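Novice:
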Amino acid sequence: MKIQKAKNLDNLTSFEQVHLPWIIIPEFVKKGEEFEITVKVGKVDHPMTDEHYVRCIRLYIDGEMFECHNLKMPTHSETKFNISMEKDFEITARAECNLHGAWETEEKIILYRGNNVDL
Ligand SMILES: [Fe+2]
């Protein structure tokens with residue numbers, strides 16, 4: 000399956016705006032503490048109809064598949080993953096549209112290193 004990515008993040012096409020996964024993470028992520036990653040497809044909501052829908056959203060951590068969420072209708076084109084990590088890591092979110100293939104977005108997550116702030 001061909002994986003599609005943004006050609007220019009500062010100037011997305013209308014197709015990219017509907018299909019690229021948006022990764023939403025907390026401002027601070029602490030070592031070993033569980034947090035939530037929301038993946039939404041896309042910046043403009045992807046349709047979720049019988050004819051045109053997002054089949055599933057996969058999350059990869061440092062290149063390895065973490066979870067695959069099949070979307071059931073009726074629903075929004077988004078899902079949430081719960082995770083805790085011991086070191087900085089990179090996530091890849093992949094959305095699979097039944098008509099327009101797979102789309103990926105990547106994000107590097109740096110763990111919060113402050114120690115005087117009560118979060
Ligand atoms: Fe689509």
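So in numbering that gives the first Met the number 0, spot 6 of the sequence shown is number 5, and the numbers just go up one at a time.
We put the beta carbon where it would ideally sit given N, CA and C, even for glycine.
All values reported here derive from a predicted model rather than from experimental measurement.
Below 8 Å on the Cβ atoms is my contact criterion, and I expect residue 28 with residue 110 to pass it. Report the Cβ-Cβ distance as a whole number of Å.
Specialist: Confirmed, about 6 Å.
Novice: Take the Cβ of residue 20 as the centre, count every other Cβ of all protein chains shown within 10 Å, and call the residue buried at 16 or more, exposed below.
Specialist: Classification of residue 20: buried, given that the 10 Å Cβ count is 16 or more.
Novice: Please name the residue or residues paired with residue 68 in a DSSP beta bridge.
Specialist: Bridge partners of residue 68: 56.
Novice: Evaluate residue 93 with the Cβ neighbour count: other Cβ atoms within 10 Å of its Cβ, from every protein chain shown; 16 or more gives buried, anything less gives exposed.
Specialist: Buried, because 16 or more other Cβ atoms sit within 10 Å of the Cβ of residue 93.
Novice: Can you tell me which of the three DSSP states residue 120 falls into?
Specialist: The structure shown does not extend to residue 120, since the chain spans only 0 to 118, so no value can be given for it.
Novice: Take residue 43 and list the residues in its own chain whose beta-carbon comes closer than 6 Å to its own, dropping the five residues that flank it on each side.
Specialist: Excluding residues within five positions, the ones whose Cβ falls inside 6 Å are 16, 17.
Novice: Whose C-beta lies closer than 7 Å to the C-beta of residue 81 among residues of the same chain, with five residues either side of it excluded?
Specialist: Only 33, 35 meet the Cβ criterion.
Novice: For the beta strand (DSSP E) holding residue 38, just list the boundary residues, first then last.
Specialist: From DSSP, the beta strand (DSSP E) with residue 38 extends over 34–40.
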